[in-house]
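Using our numbering, the first residue of the sequence shown is number 5, and each one after it goes up by one.
Here the structure is laid out as structure tokens; the discussion comes afterwards.
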Amino acid sequence: DFIDKKKYLKYDEKYVWYEIGRNKLKTKKIPRFIPFNEDLAKLLGYYIAEGWARLGERKNAVGFGFHKDETDFAREVQYLLNKIFELEAKIIFHKTRNSLQVIAYSRIVGEFLTSLCGKGAKNKKIHHLIIENGKDNYVKTLIAYMFRGDGYNGSSSKTVSIKYTTTSYNLASQLKFLLARFGYYASIISRKKTKDNWNTEYSVKLSGKQLLRWNEDFRYFKIHIPNQKFFRNDSFYIDEDYIYIKIKNVKRKKYKGLVYDISVPFDTSFVSNGFVVHNSAAGSLVAYALGITDVDPLQHGLIFERFLNPERISMPDIDVDFCQENRGKIIDYVKKKYGENAVAQIITYNFMKSKSVIRDVARVLGFTAKEGDKIAKMILPGPVQGSTLSIKENLEQNPEFRKLYETDKRVKELIDLAMKLEGSARHTGIHAAGVVIAPGNLEEFVPVYVDKDGTKATQFDMGTLEMLGLVKMDFLGLKTLTELDYMRKLIKERRGIDINFLELPIDDPNVYKLLQSGKTNGVFQLESKGMQNLLVRLKPDKFDEIIAILALFRPGPLMSGMVDDFIDRKHGRKPVEYPFEEVKEILEETYGLCLTGDTLITLSDGSKKTIKEVVENNLIGEGVLTLDTKTNKIKVGKITHCFDNGIKDVYKITLQNGLEIKATADHKFLTPFGWKEVKELSLDKDLLAVPVNKSIINTNTKRLINNFNLALLEKVEIKLLDGDIGFIPIKSIEYVGKEHVYDIEVKGTHNFIANNIISHNCIYQEQIMFMANILSGFSMAEADTLRKAIGKKKADLMAKMKEKFIDGAVKRGFNKEKITKLWEDIEKFASYSFNKSHSTAYAYLTYWTAYIKTYYPEEFFTVKLSLEKNDDKFLNILNDMKDFGIELLPPDINKSKANFNIEGKGRIRFGLARIKNVGEDTAKLIVEERKKKGNYTDIFDLAERFDSKKVNKRVLEKLIKAGAFDFTGVDRGILLANIEKALATQKTKEKKTTKSLFSLMGKPQKTEVVYEKGEPLTEGEKLRYEKEALGFYLSGHPLKAYEKELKNYVLKINRLFEKKSGDKVRVAGVISSIKRKKTKSGSTMAILSLQDETGFIDIRVFIEKLEDTSFLEEDRIVVVEGIVDINEEGENVSLSMNALDIYPVENLNRQIRAVRFILSEEKAKNGVAEKLKALCEKYKGNKEVILEIVGKDFKAEIMAHSDFYVDINENFKHELSQILEPSEFNFE
């Protein structure tokens, strides 16, 4: 892969060589496979610094130039060439200069080295495969050997610095990037060429205290380290508190008086002038006054010091969310502002993973899309959430997949080819938000390219750009802003009302009535079932409670029970208590609560490192196993902070399966009843959460794995959740003395599986700042510094702050014991608190969407339907519409617009653009043509008005299947059979000319349409095609055909929320999708997405327990009996089922055990019972008959004799429906 594949290149299993000339003379054979190890790293380092290559047709050589005193280096190169390539090299001393050369003759080696590291000093580089995949130790060796050649050790008694000089800017940038990976900050200093034939030099320079550990990392290029605490020079200086880079000093001037200052980037002010913005900048009164933000910080108690304060080192910024459709305008503005050549979007690389590569190869080999998709779906999920197994791993772990591979030759060929391609880069894309801005021409800093749409983007991804120090900004659109803009315009168009969202009253009782009802589908951030339940319980009646809800609805507060306390205090069921009366005003909006964000800690060594090792080695960025508390799934998170918490009293907790963990008394663990401190745990009642995946349980010894398995076998009480955790009873808790304890912080989930725990946090960070200000006399700038110090657990700064906090409060007359307790609470809570400025800005969007839904429901739902692309969410909107009394009309080629449109009160027409394969552009053309020349008469008329580029077979087919031509009265099956005939009528240029001539003499008569024969669609086919075109069933539902049998036999999916987890239920629906996965026990489980008229539910089915699985395919109607699982933790209430039995709806009669007749006393006496008796005698069978008679004050149940057992067939059902009402019988 790294040499030219010329026609005279030859190779076998071990070697590669050239055969030259007519006589085919063989050159020196070179080993074909060269591993990247320490030897190659050394040679590449030498080559990058001192190497050259001459690659001619006849004369080829590779050389290394050194000073004559560097004979040791020369001999090492000679040795490495021989060891790696089995190539002999000569050392040649220059006769007049103080230099020597190491020369070897091999074109193959020359091509190999230049391919990896470049040819010519200006083009030297480090190959991207080494940067991306090279082991750290080998990369460090390569860098050290580069420094041997072109490095300079500038250490002296006063300073320490080193630099590497090159004429290759690419190499300098790569070196800076790699040094950053290993924790070294380097700057690039350029020295312009002084003569025309000289190249610009670039020096990668490192200075200061960071070099104290250089010799440990780069042992092959050691430097002299002066015996000093820190080091300083003109351009770079580090001390314990700051990094100085070409900045002499930053001082505070003593000045009394009014000072005003504001700095807003031009591109941000442009965005804010055009669109709604939000962020912590909501705390800036000046930003509000200038119209940059729309949130009044005084009204909501937001703090400017959160945005900018004298203690802040980093510059303030305003993150911007804006209407999705205007993102392009923002980028155009930035290009105009900073220069077209200085701005680009950012590339993303998409690799061929197991599922996608199977689909791609299947398509090339001639498999149908359905066949390829079916094979791809057999790939099981991987150990990390969202990942999949590789093809090789899936062959090993999925017996069904392996069997198909071994028995089907076509599939074997497909899989073999796919395995070879797996992992290859498939294509590139453009990052959804990222834009990079350079201080000059971007091409001088990074490589760029232009995609097929003409978009300029970097060839480096986002992480690499940040490492190189370029400015990266996120220009991301917020869908809700787009929706609000559309709703506002539609209301103006239909009703003539111009809504100004900023002028809406935020105390409208009807809006709060909607929120209290929980009917908030489509309302910003209030769409989930869990949030709707919270709204019903809390019954918010003021804007501050909307702010609180958005902060409350997080895993920590929900699981801790603090949300329940918040609700009880709001409704007066619990007293509101405050630590000090002076902070009552601060805390009363949250009813005195500090809401927590603590998370799971359990004894697990998933990262195979002790927490002591993690902290002492400061492994920030290392991946560790963590629990996603929304789904209870184990995944990988990144460490963001490491803490050494010193010596403390600890307790050992032992579980009944042998697991042990040590923690301090105030640390909390997850129990089935929420989070509890060690001192609150009960041996009799409490169980602790543990991972149930064996690979995660694995600790330092196999004993615990065996004990865990033994516990399962011996039926130790284990309560399992839907996910990767379960609960184990506590065996003992004992004090074990004082031990060293540690802590880490994990990004996002804020929990990890190790020997420590994470604390709760207050609901708003602003409350901490206000309390410090009021109780202890802190300035708001000092209060913000306190918040950040505690949040980042800076021990030295916290100690200073603690003393000032307590002393300041005592001087103001507060009780020292109480203020110390408050400090301890703040210390625990502050690190994971919630920014109120964010919550406030979002609360406005929440209120505005709720306002539109309350007063303008037609406009609300029309926009929601037009913009919602997800079929599941679309169906939720449809169900919600029914509750608001709004009807969705089917698509009609003569009435539908491109998007959904309102047809009078309570009626919305389906939009053509939402039909699959039609798209927005074609839909707009169809509507525009209709406006110009009138309605379409039939499919022939539509086809005739457009050429095949605009209306082709796929478009026409989906329009018919969606019902857009039902107005013709012709069956959809007949219309589908006439598509080819309709397309044949599409006009040519000659036809257009003919029609123009006819128009001079009057309108031509239209010929009568004659349809070719075709088969009308069955109801099932009609619905299946409809779902294919629309993504869901609109005119009916396949379950309608079984309505009578199912009515009293199964529950609707949306009614399952009324049940409790663990209840046995029965549902019926259409299988929308099937996924297979491997369970921890090794068996195969299928997850079915089941849909009825009201919603979707995931069904878990264990394949091995079913005798027949042939009916498990998409679009089949099945009945499922199982255990419902309702997970109310986290942001959503998720619904799923474990199937106990599953069968096709056609087998429903076999499953029915009995028929129950339910008669009133009066009806039983009026001869109905006799009619039922005659019916039973007519249809004798083996199904039981139960007669239930209901009187005014009694209910009697009679089991019929076996002589009256019946055969429940279609004729029986039909005749029964003639005797009884649907509510008077059911099947059991």
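All C-beta atoms, glycine included, are put in the ideal place defined by N, C-alpha and C.
- Non-local beta-carbon contacts of Y1147 in its own chain, meaning distances under 7 Å to residues more than five positions away in sequence, involve V1122, V1123, Q1155 in chain order.
- Runs of the beta strand (DSSP E) lying entirely within the region 169–208, each at least 3 residues long, are 191–195 in chain order.
- Separation of the CB atoms of F904 and S870 is rounded to 5 Å, and the pair is thereby assigned contact status at 8 Å.
- Fully enclosed beta strand (DSSP E) runs of no fewer than 3 residues occupy 1184–1194, 1199–1203 of the region 1180–1210, in order along the chain.
- Closest by C-alpha distance to L1050, out of T824, K1217, K87, is K1217.
- Rounded to the nearest whole angstrom, the C-alpha separation of R111 and A65 is 7 Å.
- Contact annotation, M471 with F181: C-beta distance approximately 5 Å; criterion of less than 8 Å satisfied.
- Put simply, the backbone Cα of M382 is about 41 Å away from that of V1159.
- Excluding residues up to 5 positions away in sequence, M1141, N1142, A1143, L1144 lie with their Cβ nearer than 6 Å to the Cβ of G1126 in the same chain.
- Between Y342 and I192, the C-beta gap is not smaller than 8 Å, which leaves the two residues out of contact.
- In the DSSP assignment, S1076 falls within the unbroken beta strand (DSSP E) covering 1068–1082.
- Within the region 39–99, complete alpha helix (DSSP H) segments of at least 4 residues are found at 42–54, 75–89, given in chain order.
- Ranked by Cα distance from V740, the options I657, I134, E821 are led by I657.
- When the Cα atoms are used, S1093 and T171 turn out to be separated by approximately 60 Å.
- Each of R1104, N1213, L1191, N1170 was checked against the Cα of N1151, and the nearest Cα belongs to N1213.
- Around the beta-carbon of F1198, fewer than 16 other beta-carbon atoms lie within 10 Å, marking it exposed.
- F225 sits close to G155, with the two beta carbons spaced by under 8 Å.
- Cα atoms of F89 and N27: separation of roughly 25 Å, rounded to the nearest angstrom.
- Taken atom to atom, the span from the alpha-carbon of E681 to that of V1105 is near 38 Å.
- Under DSSP, the beta-bridge partners assigned to Y353 are T432.
- Inclusion of I7 and F116 in the CB contact set at 8 Å is warranted, their separation being smaller than that value.
- If you look at Q1222, you'll find it in the alpha helix (DSSP H) that goes 1214–1223.
- The three-state reading of DSSP puts L1094 in strand, counting E and B together.
- Close CB contacts of A93 within its chain, under the 6 Å cut and outside five residues either way in sequence, are with Q82, L85, V106, A108 (chain order).
- When Cβ pairs closer than 8 Å are counted between the two stretches, the region 948–958 is seen not to touch the region 972–982, the count staying below three.
- The C-beta distance from F944 to T989 rounds to 5 Å, short enough to fall under 8 Å.
- Ranked by Cα distance from S165, the first of I134, R195, S207 is S207.
- The residue among T850, L882, A1033, R36 with its C-alpha nearest the C-alpha of I510 is T850.
- Per DSSP, K476 is one residue of the beta strand (DSSP E) stretching across 475–478.
- Judged by DSSP in its simplified three-state form, V814 adopts helix.
- Excluding the 5 residues flanking it on each side, K928 has same chain C-beta neighbours closer than 7 Å at A902, in chain order.
- In the DSSP assignment, N514 falls within the unbroken alpha helix (DSSP H) covering 513–521.
- CA-CA distance, L987 to V1013, rounds to 14 Å.
- Apart from sequence neighbours up to five positions away, the residues of its chain that approach L1027 with a beta-carbon distance below 8 Å are Y1037, S1039, G1040, H1041, P1042, ordered along the chain.
- Within a 10 Å sphere around the beta-carbon of Y848 sit 16 or more other beta-carbons, which makes this residue buried.
- In summary, P895 is buried, with 16 or more beta-carbon neighbours lying within 10 Å of its beta-carbon over all protein chains present.
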